[in-house]
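Numbering (my numbering), first residue to last: -18 to 162.
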Amino acid sequence: MAVALLIPGYAYSAERPLLHFAGEVFAKHGWTTRQIRWPSLLPPRSDDVALWNRQLRSYVHYHLGQVLAAEPDRRIALAGKSMGCFAAALAAERGLPAVWLTPILRDSELPADLHRGTAPFLLLGAAGDPDWEPAVARGLGRPFFEAGKAAHGLEIPGDPVRSVDVLREATAAMDSFVSGL
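Spelled out as structure tokens, the structure:
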């Protein structure tokens, strides 16, 4: 059996559109999906962004590490949103494929974690997201989807119709990627 773990962001649950459709894509290709929920209070926001990102990364490693240790399925994939992308170090350690939605590529250790990964992964980000760094995404040499002027949630502020178009395009990119796993 194969399981895809849907890893939430700081304020973005697996019921929100990007992770919901990531789960639907994995299910379409025969994967069981499981939504991860953070079991305790998240680290409070800090003015020191790099410090806060390190705290979030540690939080994700600790809690998701416990989930992975208890996971009976041997074939595991990850789909993480923003803060959930800090699971990239765990994916690199375990050789797990992944879909990383709006990864925090600035002021964090995430780019180094992604460089260590050997399993396939797909990045999805947006030029209008202050956490997205197009040069870093390109430099990884992996497939990525970039949604023009969309914000961190891959939505176009004030334009719900175009936001749905971006969601469709992102879902198509995920479908193409997951079909090859």
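Where a beta carbon is used, it is the ideal one built from N, C-alpha and C, also for glycine.
Legend entry - Own chain residues within Cβ distance below 8 Å of Met(-18), not counting five before or after: For the purposes of this step, residue -18 is identified with residue 1 of the sequence shown, where counting begins at 1. Closer than 8 Å at the Cβ level, and outside the excluded window around Met(-18), lie Thr13, Asp54, Arg56.
Inset, instruction - Check whether the Cβ atoms of Ala3 and Leu(-14) lie closer than 8 Å to each other. - result: Position 22 of the sequence shown holds residue 3. Position 5 of the sequence shown holds residue -14. Contact flag unset, no.
Legend entry - Reduced DSSP category for Thr99 - H, G, I as helix; E, B as strand; rest coil: Within the sequence shown, the letter at position 118 stands for residue 99. It is coil, neither helix nor strand.
Legend entry - Buried versus exposed, by CB contacts within 10 Å (16 or more), Ser160: As a working note, residue 160 is residue 179 in the sequence shown. Counting Cβ neighbours within 10 Å, Ser160 comes out exposed, since fewer than 16 surround it.
Legend entry - Beta-carbon proximity list for Gln16, same chain, < 7 Å, skipping 5 on both sides: In the sequence shown, counting from the first residue as 1, residue 16 sits at position 35. Once the five neighbours on either side are set aside, the close Cβ partners of Gln16 are Leu(-13), Ala(-5).
Inset, instruction - Could you pull out every residue in the same chain whose Cβ sits closer than 6 Å to the Cβ of Pro101, ignoring the five residues on either side in sequence? - result: Counted from its first residue, the sequence shown places residue 101 at position 120. These residues qualify, in order along the chain: Pro78.
Inset, instruction - Can you tell me which of the three DSSP states Gly161 falls into? - result: Translated into the one-based positions of the sequence shown, residue 161 becomes position 180. Three-state result, Gly161: coil.
Legend entry - Minimum C-alpha distance to Leu95 - residue among Glu74, Asp112, Ala108: Position 114 of the sequence shown holds residue 95. It is Glu74.
Legend entry - Close beta carbons around Ser63, own chain, < 8 Å, minus the five adjacent residues each side: The residue labelled residue 63 in the question sits at position 82 within the sequence shown. Around Ser63: Gly(-10), Tyr(-9), Tyr(-7), Leu82, Thr83, Pro84, Ile85, Asp112, His133.
Inset, instruction - Starting from the Cα of Asp88, find the closest Cα among Leu22, Gln47, Leu32, Ile137 and give me that residue. - result: Along the sequence shown, one-based indexing puts residue 88 at 107. Taking only the C-alpha atoms, the option nearest Asp88 is Leu32.
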